[in-house]
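Peer 1: The structure is given below, and queries will be raised subsequently.
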Amino acid sequence: MAFKSEEQAKAYWSENLALMFKLLVVWFVVSFGCGILLVDVLNEVRFFGFKLGFWFSQQGAIYTFVALIFVYVFKWMR
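Numbering (this note's numbering), first residue to last: 1234 to 1311.
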């Protein structure tokens, strides 16, 4: 990607890294927090017949990661 100035490049990377950090925090909270730390609490709830903690550790983190990829792409296509 060609930038007209060094300031544009710095602004782009600053915004890009901030967005990536926010998305990684969301993914970490969902995968580690819901899949490992809160699994006992979440297992009290059923989701499509499965314990919610199990679902987050097996499927929820993957779905969240894919959704975050789409969020990232749509953010940068604007």
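Every residue, glycine too, gets a C-beta built ideally from N, C-alpha and C.
Are V1262 and A1294 touching if we call contact CB-CB under 8 Å?
Peer 2: In the sequence shown, the residue the question calls residue 1262 occupies position 29. In the sequence shown, the residue the question calls residue 1294 occupies position 61. Taking a C-beta distance under 8 Å as the contact criterion, V1262 and A1294 do not qualify as a contact pair.
Peer 1: Can you find the residues in the same chain that come closer than 6 Å, C-beta to C-beta, to K1284, ignoring five residues on each side of it along the sequence?
Peer 2: Taking the sequence shown and counting its residues from 1, one reaches residue 1284 at position 51. Same-chain partners within the cutoff: N1276.
Peer 1: DSSP has K1284 in a bridge; who is on the other side?
Peer 2: For this step, residue 1284 is matched to residue 51 along the sequence shown. R1279, per the DSSP bridge assignment.
Peer 1: Comparing C-alpha positions only, which one of L1250, E1239, T1297 and Y1245 sits nearest to G1266?
Peer 2: The residue you call residue 1266 lines up with position 33 of the sequence shown. Here the closest residue by C-alpha is T1297.
Peer 1: Quick one: grab the DSSP three-state call for L1301.
Peer 2: By 1-based counting over the sequence shown, the position of residue 1301 is 68. L1301: helix per DSSP, three-state reduction.
Peer 1: Taking CB distances under 8 Å as the criterion, tell me whether G1286 reaches chain C.
Peer 2: Of the protein chains in this structure there is only one, and it is not chain C.
Peer 1: How is the alpha helix (DSSP H) around V1259 delimited, first residue to last?
Peer 2: Your numbering for residue 1259 matches position 26 in the sequence shown. Counting along the chain, the alpha helix (DSSP H) containing V1259 begins and ends at E1239 to F1261.
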